Amino acid sequence: MDIRIKNDSSQVSVSNGILLGIEDEGERRTYHWKTNYPISTYLIAIYSSSYHHFSDEYISLDKQDTMAIDYYVLENDVEDAKIDFAEHPDILRFFAETFGEYPFIEEKYGVAEFLWQLGAMEHQTITGVASNIIGGKNFFLDIYIHELAHHWWGNAIGPKSWNDIWLNEGFSTYSEALYFEFRSGKSALRSTMLDKNQGRFSVALGKPGSFLFSGTVYNKGAWVLHMLRWELGDSTFFNILREYYEKFKYSNASTEDFKNVCESISGVNLTRFFDQWLNGTGKIELEYTSNSKRIENEFETIISLEQKQNGYEEYFFHLEITFKYDNGELEKFRFNIDSKNVELSIRSNKKPVKIILDPNDWLLMTSNELIEN
Ligand SMILES: [Zn+2]
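The sequence shown: position 117 = 678 (the working numbering), numbered continuously.
Listed below in structure tokens is the structure:
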């Protein structure tokens, strides 16, 4: 695509891809931008203002290319933007190492400030960010991470239909959690995900209808990836992301395409997993009771679980349960939950003083213990 932007010669005009040239003609100036990569129409953008330009750089994984990261901001925000934008090379590197090389490495990554006040937009190679998220305090880092992640999820791989929009938004939202995990460890992963377990998720993720940009699409979408990781383990999960990106970059993908990659890499039939999370609404809502009694030299604890949610009849998942003993020691157990009512029997040497369901927050779930009188 070629883009030519002509206006007052005092303005700086920015768009997708690389700048081929600037031509002056009397009082008017024309900027000629071009991208050689496939691009979805909704990712085309033109920006024109009295921009101040500064830049950073990213070195490709094979160390053969240096790519510019170009920033265009209004004069008043330059100092704040230099603080807020500083982490982009690190985020680029982390995503390239985790998912595969940045998809537009022959061109650029860019960020341009715009006057819309509602967040940001992942225009290909030139993300637009609202003035009010440039504050010089790193307060909106999650948004910068999210828009950059879209260059893999949404831009390089476009959705086949709008029902597949979670492949853009859920993936980019989960990428925020992955970057925070890389930067600050497992507790950052957990706290980021817990923060995204809010609301009722009352639309079906695989058929959001007019709720294309709802919390369900972003946050439940991210949770589905988090739970897929829990079901399959880290190495299989990250192999899936890399294979999915490699196979579908510069084209379009559907939920079915993603599911096929998951199944071929893991060797696991995931029909039930995708059905419950894409077609159901809400989350797992558990009620449980627990009772421990001594049997000879051991304790037997019976935990009775009941799924109470209305949005899906019977979820299938792996549940970790941790026992805490009076000396502070912890013991972990893992179960395959495959029906609405389950009774688990756990033998332990000591009596648990505390029973914790899903102690590491791998499940989009609420649980409530019923105390029997
Ligand atoms: Zn997004």
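We treat Cβ as the ideally placed atom computed from N, Cα and C, and that holds for glycine. All values derive from a computational prediction rather than experimental measurement.
Assuming residue i and residue j make a contact with CB atoms under 8 Å, what is their CB distance in whole Å?
i           : j           : result
residue 706 : residue 652 : 6 Å
residue 931 : residue 849 : 7 Å
residue 632 : residue 573 : Not really, about 12 Å apart at Cβ, beyond 8 Å.
residue 674 : residue 688 : Contact doesn't hold; Cβ gap of about 10 Å is too wide.
residue 880 : residue 898 : 5 Å
residue 823 : residue 845 : About 20 Å separates the two Cβ atoms, so there is no contact after all.
residue 821 : residue 767 : Their Cβ separation, rounded to whole angstroms, is 15 Å, which puts residue 821 and residue 767 out of contact at 8 Å.
residue 681 : residue 694 : 7 Å
residue 862 : residue 852 : 7 Å
residue 580 : residue 598 : That pair is no contact at about 15 Å.
residue 683 : residue 715 : 6 Å
residue 712 : residue 754 : That pair is no contact at about 22 Å.
residue 779 : residue 746 : The pair is not a contact, with the Cβ atoms about 23 Å apart (cut-off 8 Å).
residue 669 : residue 629 : 5 Å
residue 736 : residue 656 : 7 Å
residue 911 : residue 886 : 5 Å
Using only the heavy atoms of ligand 1, determine whether one of them is closer than 7 Å to the beta carbon of residue i.
i           : result
residue 636 : no
residue 736 : no
residue 593 : no
residue 711 : yes
residue 662 : no
residue 716 : no
residue 707 : yes
residue 597 : no
residue 780 : no
residue 775 : no
residue 733 : yes
residue 730 : yes
residue 890 : no
residue 683 : yes
List the DSSP bridge partners of residue i.
i           : result
residue 915 : 885
residue 565 : 593
residue 904 : 865
residue 930 : 849
residue 608 : 575
residue 898 : 878
residue 795 : Partner(s): none; residue 795 has no beta bridge.
residue 909 : 860
residue 891 : 885
residue 582 : 593
residue 613 : 634
residue 749 : Note: residue 749 sits in no beta bridge, so no partner.
residue 690 : 674, 681
For this session: Go through the segment 802-880 residue by residue and report every complete run of the beta strand (DSSP E) that reaches 3 residues or more, in order.
Result: 812-814, 845-856, 859-868
For this session: At 3 residues or longer, and completely inside the segment 618-688: list those beta strand (DSSP E) runs for me, N to C.
Result: 627-634, 670-675
Exercise. What beta strand (DSSP E) runs, 3 residues minimum, are completely inside the segment 699-744?
Worked result: 718-720
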